[in-house]
Each structure stands twice: as structure tokens, then as C-alpha cells.
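Data first, discussion second: the structure below is written as C-alpha cells.
In my numbering, the protein residues as written are 259 to 529.
What follows is the structure in C-alpha cells.
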């Protein structure tokens with residue numbers, strides 16, 4: 259479990275992880291081990307559930323998993339090895355999650371890798387995470403090839419649907435962001451009591467491992483006030499110049515919007 263937490267939370271770029279974050283004092287796994295040794299009930303409950311799922315997955319062979327579920331969950335980097343390609347090159351459909359982060363070039367590489375006739379992409383281009391890296395463009399990419407896959411397909415009038423029922427949190431949690439970003443289209447689903455009995459234990463365990471990280475809170479927009487971020491003690495940055503460019507663009511964009519608002523407000527008052 260500690261190895262898994264280290265691997266998933268170490269900062270990196272395009273799959274290349276910063277090895278310095280495997281040091282106990284700089285890793286999420288170090289904090290997790292401290293809580294586990296302390297005998298915290300919430301953390302032990304979440305850890306037990308995690309261990310059981312890992313053990314079941316380890317016992318399941320590739321062939322049995324593929325036959326039982328008929329679903330492969332993978333990452334683009336895993337598709338490049340010969341063992342994977344011999345087993346799973348031909349698939350019925352390709353589902354791509356977080357496609358707001360997927361450029362056209364990334365998509366072409368995946369389609370060239372798999373023998374597949376059906377493509378389904380999932381994502382949300384209204385989140386900041388998919389948009390910020392694309393403001394400065396990827397290295398060697400033009401504006402057309404750097405656009406995300408969702409924008410490309412919707413702009414070219416491919417069939418699309420919006421999943422407008424929120425099932426990932428408590429009721430009423432989506433009310434404010436729905437009005438701000440989605441024109442009120444996102445609605446809450448009914449949440450039967452005790453539908454997810456382990457939810458509280460997992461949530462509390464995450465908050466204890468990462469007490470200052472907003473991603474472990476129910477919703478960033480609501481609970482971000484007076485919440486600090488995890489500070490990177492090594493001052494690691496994959497590309498400082500790109501970060502500076504993104505920041506300058508954001509400042510310019512914000513000031514431009516403000517000037518336009520002031521001009522529009524003055525014009526309305528004059529009427």
C-alpha cells in the first residue's frame with residue numbers, strides 16, 4: 259500500500275516521476291505508515307478495504323480478468339510493451355477518460371496502437387486542470403494539434419451527450435457550480451442512506467494522510483477557503499518557464515476581462 263501511494267502521488271511529467279518524493283519525509287506513504295502504526299480506526303478501515311481489493315486483483319490473471327469483465331483498465335504508457343500488445347491489441351471499444359487532457363496527437367497514437375472501431379471519450383473541458391497546460395501549448399505542437407480531444411470532436415459536430423446527474427458526493431453539493439459553469443444543467447441524484455458504508459472511513463483516512471490538500475475535500479469550490487496547498491519542499495518543477503508563461507497569460511486574461519467589464523459597465527450607465 260505504501261509503495262502504491264508513493265507511486266501515485268509523486269509529482270511528474272508524462273509518466274516520469276520525481277524520485278526525490280520516494281523519501282519518507284517527502285512522501286504521502288510516510289504519512290500513511292505513521293497513521294497505520296498509530297492504530298487510527300478510520301485509517302485501518304480504509305487500509306483493510308484497500309488491501310482486500312489489491313489481493314483480489316493480484317490473484318486474478320490477465321486472461322481471467324479479460325474474460326470475466328471484458329474490460330481493460332490501462333494507461334497509454336502500458337500499451338507500448340510487447341506483452342500487453344500480444345494480449346490486448348484488438349479490442350471492441352476504446353474508452354478514454356479525462357479526455358480534456360488528451361491532445362489530438364495523443365489520440366492518434368492510441369488509435370494507431372489498438373485495432374478498434376469504436377471510440378468513446380469522457381471528460382470535462384470546463385475544469386481548470388485540462389485547460390491550464392494547453393495555454394502555453396505542448397513542446398513541438400501547433401495550436402491545432404495541441405487542442406484537447408473533446409473540443410476537437412464537439413467542434414466538428416460529432417455526437418455527444420452530457421451526463422447531468424451528480425452521484426459522487428452528498429446532495430446539494432453541485433448546486434453552486436452547476437449554476438456557475440453548467441447553466442444549471444447538473445442535478446443531484448437521490449442518495450439513499452448507507453448506500454456507501456465505507457465512504458466516511460475512506461474520506462477521513464484521506465484527510466488525515468493529506469490534511470492540507472483540497473482534493474481530499476468533498477468539493478474544491480466550496481471548501482477551498484483558508485485551505486493551504488501541499489508545499490513542495492524540493493521546489494521541483496517540470497518546466498519553470500512554461501509555468502511562468504501560463505501565469506502571465508492568466509494575469510493578462512484576468513486584467514483584460516476586468517477592463518472589458520469596466521468599459522461595458524460604463525456604457526450601460528451612460529444609457
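Beta carbons: idealized from backbone N, C-alpha and C, even for Gly.
Taking C-beta atoms under 8 Å as the contact rule, residue 408 and residue 383 qualify, at a distance of about 5 Å. Rounded to whole angstroms, the gap between the alpha carbons of residue 368 and residue 299 is 43 Å.
Residue environment analysis places residue 357 among the buried positions, since at least 16 neighbouring C-beta atoms fall within 10 angstroms of its C-beta. For residue 376, the enclosing beta strand (DSSP E) begins and ends at 376-379.
Here DSSP, grouped into helix, strand and coil, assigns residue 355 to coil. Taking 8 Å as the cut-off, the beta carbon of residue 443 is found no closer than this to the beta carbon of residue 432. When DSSP states are grouped into helix, strand and coil, residue 345 belongs to the helix group.
Comparing alpha-carbon positions, the option among 297, 351, 364, 313 lying closest to residue 410 turns out to be 364.
With a threshold of 16 other beta carbon atoms within 10 Å, residue 447 falls short and is exposed. Per the coordinates, the alpha-carbon of residue 354 lies some 23 Å from the alpha-carbon of residue 439. For the pair residue 376 and residue 352, the CB atoms are nearer than the 8 Å cut-off. In the three-state scheme derived from DSSP, where H, G and I count as helix and E and B as strand, residue 462 is classed as helix. Residue pairing by DSSP places residue 446 opposite 424 in a beta bridge.
Counting only the Cα atoms, residue 412 lies some 24 Å from residue 373. Boundaries cannot be given for residue 417, as no alpha helix (DSSP H) includes it and DSSP labels it neither H nor E. Cβ atoms of residue 462 and residue 445 stay farther apart than 8 Å, at about 28 Å. According to the DSSP secondary-structure assignment, residue 373 is paired through a beta bridge with 348.
Rounded to whole angstroms, the gap between the alpha carbons of residue 308 and residue 346 is 27 Å.
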